[in-house]
Amino acid sequence: MGRFPHFFSLLPIFSLTVIFLSTTIALPQPTAALPLSTDSRWIVDETGRRVKLSCVNWASHLDAVVAEGLSKQPIDSISKKIVSMGFNCVRLTWPLFLATNDSLANTTIRQSFRNLGLIESIAGFQVNNPSIIDHSLISVFQFIPVNGANWSKLLKPKPK
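The sequence shown lines up with residues -26 to -1, 1 to 134 when you count with mature numbering (1 follows the signal peptide of the UniProt record, and there is no 0).
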């Protein structure tokens, strides 16, 4: 009984300290000054200001060789969620066989999912990201940014 009253008297001080620290910790800021480069060991923006990257992994190395979730949600929805969670960069996991196998690289998303028997995913792409379903795996992989800057180029209809 001797130790508990002492602990409870420190509880308000501890609570105030936690509240103070939680309001002074800065969240990662979006990087607007692109391109990024290096200066010695630092990553800097075009003005020379140091940039702290806060990255998220986005799986794309699995059998379908497409960033996961694109058959479930529109790309804008996914990228907005990534940014809203405080991330300012995305690491797409690189499927090595995409770089070493030209026939796979030139396979479309539709063909890739059909070859894997993932017919439901094809339907999901047609609903959520219909503009990319007939693009090659390598072109889609190269144009998946968080901010959508290059995405609009890819979403233009393919010439027939």
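A virtual CB, placed ideally from N, CA and C, is assigned to each residue, including glycine.
* To do: Just tell me which of Ser58, Val101, Asn102 and Thr67 has its CA closest to the CA of Ala38.
  => Translated into the one-based positions of the sequence shown, residue 38 becomes position 64. Nearest C-alpha to Ala38: Thr67.
* **Three CB pairs or more closer than 8 Å across the stretch 50 to 57 and the stretch 81 to 89** => no
* Asked: Just curious, the alpha helix (DSSP H) that Val114 is in, first and last residue?
  -> For this step, residue 114 is matched to residue 140 along the sequence shown. Leu111 to Gln116 is the span of the alpha helix (DSSP H), which, as asked, contains Val114.
* Can you tell me where the beta strand (DSSP E) with Thr12 in it begins and where it stops? -> Along the sequence shown, read from residue 1 onward, the residue named residue 12 stands at position 38. Element bounds for Thr12: Ser11 to Asp13.
* To do: With hydrogens ignored, establish whether the beta-carbon of Gly91 is closer than 7 Å to any heavy atom of the ligand MN.
  => This structure does not include the ligand MN; it has no bound ligands of any sort.
* Are there 16 or more other CB atoms within 10 angstroms of the CB of Phe115, so buried, or fewer, so exposed? -> Taking the first residue of the sequence shown as 1, we reach residue 115 at position 141. Its Cβ being crowded by 16 or more others within 10 Å, Phe115 is buried.
* Contact under 8 Å by Cβ, Leu44 with Phe117 -> On the sequence shown, position 70 is the one that residue 44 refers to. On the sequence shown, position 143 is the one that residue 117 refers to. In this structure, Phe117 does not lie closer than 8 Å to Leu44 by Cβ.
* Give a yes or no on whether the C-beta atoms belonging to Arg24 and Val30 are separated by under 8 Å. => Numbered from its first residue, the sequence shown carries residue 24 at position 50. Numbered from its first residue, the sequence shown carries residue 30 at position 56. The answer is no: Cβ separation not under 8 Å.
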